[in-house]
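K.L.:
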Amino acid sequence: KFLEKVKMGRNNNFRELELPWSSSFLMIQQQSHHLSIIMASIKVHGIPMSTATMRVLAALYEKDLQFELIPVDLRAGAHKQDPFISLNPFGQIPVLQDGDLTLFESRAITQYIAEEYSEKGEKLFCPGCKKVKAATLVWLQVEGQQFDPIASKLAFERVFKGMFGMTTDPAAVLDLESKLSKVLDIYEARLSNSLFVACDCFTLADLHHLPAIHYLMGTDSKHLFLSRPKVTEWVNKITTRPAWGKVIDLQKL
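Okay, so the sequence shown: first residue is 42 according to the numbering used here, each after it adds one.
#1: What is the DSSP secondary structure of Ile37, reduced to helix, strand or coil?
#2: How many angstroms separate the CA atom of Pro270 from the CA atom of Leu221?
#3: How do the stretch 139 to 158 and the stretch 199 to 215 stand: do at least 3 beta-carbon pairs fall below 8 Å, yes or no?
#4: Entirely within the stretch 217 to 257 and at least 4 residues each: give me those alpha helix (DSSP H) ranges in chain order.
#5: For the alpha helix (DSSP H) that contains Val173, what are its first and last residues?
#6: Just to confirm my understanding: we take Tyr153, look at its own chain, exclude 5 residues before and 5 after, and list those with CB closer than 7 Å. What are they?
#7: Taking the beta carbon of Ile88 as the centre, do at least 16 other beta carbons fall within 10 Å, making it buried, or is it exposed?
#8: Buried or exposed: His255, going by 16 or more other Cβ atoms within 10 Å of its Cβ?
#9: Alpha carbon to alpha carbon, how far is Phe237 from Phe243? Give it in angstroms, no decimals.
#10: Mapping the DSSP letters down to three states, classify Leu142 as helix, strand or coil.
#11: Is DSSP giving Glu163 helix, strand or coil here?
#12: Is it right to say Ile69 is buried, meaning 16 or more other beta carbons lie within 10 angstroms of its own, or is it exposed?
#13: For a quick check, are the C-beta atoms of Val288 and Ala155 less than 8 Å apart?
#14: Return helix, strand or coil for Leu106, following the three-state DSSP convention.
#15: Restricting to Cα atoms, I'd like to know which of Lys293, Leu294, Ala284 is closest to Arg96.
#16: When the Cβ atoms of the stretch 222 to 233 are set against those of the stretch 162 to 173, are three or more pairs found closer than 8 Å?
#17: Ignore the nearest five residues each way along the sequence and tell me which others in Glu198's own chain have a CB closer than 7 Å to its CB.
#18: What residue range does the alpha helix (DSSP H) around Tyr153 cover?
#19: Less than 7 Å between C-beta atoms, sequence neighbours within five positions excluded: which residues of the same chain meet that for Asp105?
#20: Mind checking who Val136 pairs with in its DSSP beta bridge?
#21: What first and last residue would you give for the alpha helix (DSSP H) that runs through Asp114?
#22: Between the stretch 172 to 181 and the stretch 114 to 125, are three or more C-beta pairs nearer than 8 Å?
#23: On the CB-based measure, 16 or more other CB atoms within 10 Å of its CB, does Lys278 come out buried or exposed?
#24: Buried or exposed: where does Ala117 fall if 16 or more other Cβ atoms within 10 Å of its Cβ makes it buried?
#25: Could you give the C-beta distance for Ile134 and Val113, rounded to a whole number, given that I count them as a contact under 8 Å?
#26: When the Cα atoms are used, what is the spatial distance from Leu251 to Thr92?
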């Protein structure tokens, strides 16, 4: 059912997927011209099906911040044209504007949100301990360098190829699952000694995993997570957070 909804969209709104591997995120075109959450000083240019945009939205919701979501018409190539290209010269979503500050690259944006709005909502960095923050930075790198490059390609094979009538490559799936399995073995060991990947509290290091996990858990590759008890507990904890539920709800609009 999930794949059918993604393929057709609501009212046939979803049309196009773009996959810039350098940024390791997925984007799906939404036909609607404007989706406004609430008028606010924070503006996010992106679409809620994009894994990179989802990452930023999750951080904003965790901080209980008001923001305006401004969809980018990917089908028309708006992300490669003015005025968007003046916000991100690489022509990729998302972009965040906070007053006179403009940022791109989703992981940089979430770190800005966590630090600039440290007193609001969920901390996203454990306060008061430099060693714990250092561990969080390590696991932020682990997600970006070890987990996501494999998980995103696997999601492309499992989820997004079918949207374009492309055939999933079974050999690629097996290879990617083998690679991700080795990464998750390390996660299982880590989570045997820690409630979350960086420490005993939810941080950005956990949040950044959510988009790829979301898509993979809707496929047969979910066994990679479910076959590891500690990883399963962790996935359940982070995917049932209210803030993440709000991100998923945006995909239904």
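Note that beta-carbon positions come from the ideal geometry of N, C-alpha and C, so glycine has one too.
All values reported here derive from a predicted model rather than from experimental measurement.
P.N.:
To lay it out plainly:
#1: Residue 37 lies beyond the residue range present for the chain, which begins at 42 and ends at 294; the question has no answer from this structure.
#2: Sequence index remark: in the sequence shown, residue 270 carries index 229 (1-based). Sequence index remark: in the sequence shown, residue 221 carries index 180 (1-based). Going from the Cα of Pro270 to the Cα of Leu221 covers about 16 Å.
#3: At 8 Å Cβ cutoff, the stretches do not touch.
#4: You should have 245 to 248, 251 to 257.
#5: The residue labelled residue 173 in the question sits at position 132 within the sequence shown. First-last of the alpha helix (DSSP H) with Val173: 171 to 183.
#6: Mapped onto the sequence shown, residue 153 falls at position 112. Beyond the five residues adjoining it in sequence on each side, Tyr153 comes within less than 7 Å, by CB distance, of Leu144 in the same chain, given in chain order.
#7: Against the sequence shown, residue 88 aligns to sequence position 47. Around the Cβ of Ile88, a 10 Å sphere holds 16 or more other Cβ atoms; the residue is buried.
#8: What you label residue 255 is simply residue 214 of the sequence shown in a count that begins at 1. Of the other Cβ atoms in all chains shown, 16 or more fall within 10 Å of the Cβ of His255; this residue is therefore buried.
#9: Along the sequence shown, read from residue 1 onward, the residue named residue 243 stands at position 202. Along the sequence shown, read from residue 1 onward, the residue named residue 237 stands at position 196. Rounded to whole angstroms, Phe243 to Phe237 spans 6 Å at the Cα level.
#10: Taking the first residue of the sequence shown as position 1, residue 142 is located at position 101. In the structure shown, Leu142 sits in a strand (DSSP, three-state: E or B).
#11: For the purposes of this step, residue 163 is identified with residue 122 of the sequence shown, where counting begins at 1. Residue state, collapsed to three classes: coil.
#12: The count along the sequence shown starts at 1 and reaches residue 69 at position 28. The pLDDT assigned to Ile69 is 34, lower than 50, so where the model puts this residue is not dependable; a value taken from the coordinates is nonetheless given after this. With 16 or more other Cβ atoms within 10 Å, it is buried.
#13: As a working mapping, residue 288 is identified with position 247 in the sequence shown. As a working mapping, residue 155 is identified with position 114 in the sequence shown. For Val288 and Ala155, no; Cβs fall outside 8 Å.
#14: To locate residue 106, count along the sequence shown from 1; it is residue 65. In the structure shown, Leu106 sits in coil (DSSP, three-state: anything other than H, G, I, E or B).
#15: Stepping through the sequence shown from its first residue, residue 96 is reached at position 55. When only C-alpha atoms are compared, the closest one is Ala284.
#16: At 8 Å Cβ cutoff, the stretches do not touch.
#17: As a working note, residue 198 is residue 157 in the sequence shown. Around Glu198: Thr209, Asp210, Ala213, Val214, Leu217.
#18: To locate residue 153, count along the sequence shown from 1; it is residue 112. Here the alpha helix (DSSP H) through Tyr153 covers 147 to 157.
#19: What you label residue 105 is simply residue 64 of the sequence shown in a count that begins at 1. Contacts found: Lys161, Gly162.
#20: To locate residue 136, count along the sequence shown from 1; it is residue 95. Residue pairing by DSSP puts Val136 in a beta bridge opposite His86, Phe145.
#21: Walking along the sequence shown from the start, residue 114 turns up at place 73. Unbroken run through Asp114: none, as it is neither H nor E.
#22: Not touching, per the Cβ criterion.
#23: The sequence position of residue 278 within the sequence shown is 237, counting from 1. Exposed, since its Cβ has fewer than 16 Cβ neighbours within 10 Å.
#24: Indexing the sequence shown from 1 puts residue 117 at position 76. Counting the other Cβ atoms within 10 Å of the Cβ of Ala117 gives fewer than 16, which makes it exposed.
#25: What you label residue 134 is simply residue 93 of the sequence shown in a count that begins at 1. What you label residue 113 is simply residue 72 of the sequence shown in a count that begins at 1. Contact check for Ile134 and Val113: beta-carbon distance about 5 Å, within the 8 Å limit, so the pair qualifies.
#26: Along the sequence shown, one-based indexing puts residue 251 at 210. Along the sequence shown, one-based indexing puts residue 92 at 51. Roughly 9 Å separates the two Cα atoms.
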